[in-house]
Structures are given as structure tokens and as C-alpha cells.
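For what it's worth, the UniProt record's numbering labels the leading residue of the sequence shown as 1, then goes sequentially.
Even glycine gets a Cβ: it sits at the ideal position worked out from N, Cα and C.
Just so it is clear, the structure is predicted and the values come from calculations on it, not from any experiment.
The structure appears right after this line, and notes come after that.
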Amino acid sequence: MRKLMLLAVPLALAACSQEPAPSSSDADDFAARVGAPGTSTTGGTAVVVPNAVETTAARIAPPPNTDVTQLERLGNIGGVDLGPRAGGCTFSADGQEMLVAAGPNDRSLPGKATVRAGGKLILLDAPPGGYDQVKAGTTFNGEGFSVLVQPTGRDTGQMTITDVQGRQKAFNGRWVCS
């Protein structure tokens, strides 16, 4: 009987460890829920999007020949790391999110923001001041351009983009922080 038990235990363990591989629909469902790069959700089903725009931000220069004063709608920013944060803010103009920013609780640390230009998400840095500085309005600096956000009233603000040649474009919109 004891020999039978010794043989049965390894067989039982092997059988328990044989889980079925996740099906393609499970993977698609997961990708749709987390906004994985290269997917969009249509009717609850994840669909691969050819030539999808970037969903992660980097400290990079905008692609060549990109007019940074013509920021694009942010879209999926699920892969953007704005670092530790006590809160965040969003600037929207004409119903389109154009900048998302956040800052840590520690005022000695900088805030961060992201914008989309030339189909790429670009990470911007603010001077030290933490979330309080971000919320009060600040300048976010990127490679070859800067973005100044200034609150103008309750949940309103102005965003001014300045490129390396000094050209500027200002947008009035909503500056909402939480």
C-alpha cells in the first residue's frame, strides 16, 4: 500500500500542474482591459491596430519635421510612467486631451508631463516643486520645446507651446487637477 501511495503522489502532482494554456480570446480580453500597445477595443473585443501610435513616453526629441506647436490628441497613455505622484492634472482644448501631468508629494522633486507630437508620446520635465507646482502651473521642458501651463480660473487654463526657434502657440482650455 505504501508503494502505491509513493507512486500516486508524483502522478497527482503532475496532473495538477497541467493547466490549459490561455486561449487567444483570454489574451485579447486582457490586452483590451489594460490598453496594450497595438490594440483597441471594439465592442468588447481587442483588435490589432496596424501602425498603432506609441503608448509609452520617452525623453526624446520629436520626430524630424514635426511642428511641436501642433500637439496631437493624447490617446492611449497606459504605458506612460509619470513617476511617484500625489496627484495629476490634464489640459484639454476643444474636448481633446493634449497634456497629462503629475507630481510627487515631495516639493524638492520635479513633476512630469506627457504630450503627443509626430505620433510619439514625449515625456517632459518640470522644475522641482512637486504636485503643488504642477497644479499651480509650471513650464514643462522637452527636447527642443517647452510647454507652459497656467491656470486662468476654476478648471480652466492656458497652455503655451514654444519651439526651439521661439515660435509659440497658445491654447485656452480646461486645466483639471485631482
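Between which two residues does the alpha helix (DSSP H) harbouring residue i extend?
i    : result
Q133 : G130 to A136
Mind checking which residues open and close the beta strand (DSSP E) that includes residue i?
i    : result
N172 : Q168 to C177
E72  : Per DSSP, E72 belongs to no beta strand (DSSP E) and is neither H nor E.
D110 : Here the sequence assigns Pro to residue 110, which means Asp is not the residue at that position. Per DSSP, P110 belongs to the beta strand (DSSP E) from P110 to A117.
L148 : F145 to G153
T66  : Taken as a continuous stretch (DSSP letters only), T66 belongs to no beta strand (DSSP E), as it is neither H nor E.
D163 : T156 to D163
V100 : Q96 to G103
A93  : G87 to A93
If you count every other CB in all the chains shown that lies within 10 Å of the CB of residue i, and 16 or more means buried, which is it?
i           : result
V164        : exposed
S92         : buried
L116        : Note on identity: in this sequence residue 116 is Arg, with Leu being the wrong assignment. R116 comes out buried.
N76         : buried
A126        : buried
Q133        : buried
P64         : exposed
G166        : exposed
G83         : exposed
G153        : exposed
residue 182 : Past the edges of the chain, shown from 1 to 178, lies residue 182, and the structure says nothing about it.
G118        : buried
F171        : buried
G78         : exposed
Any idea what DSSP makes of residue i, helix, strand or coil?
i           : result
residue 187 : Since the first residue shown for the chain is 1 and the last is 178, residue 187 is missing from the structure and cannot be characterised.
I122        : strand
G79         : coil
P84         : coil
Count the CB pairs spanning the segment 168 to 177 and the segment 149 to 157 that are closer than 8 Å, and state whether there are at least three. With a cut-off of 8 Å, the segment 149 to 157 and the segment 168 to 177 count as touching, because enough Cβ pairs lie within range.
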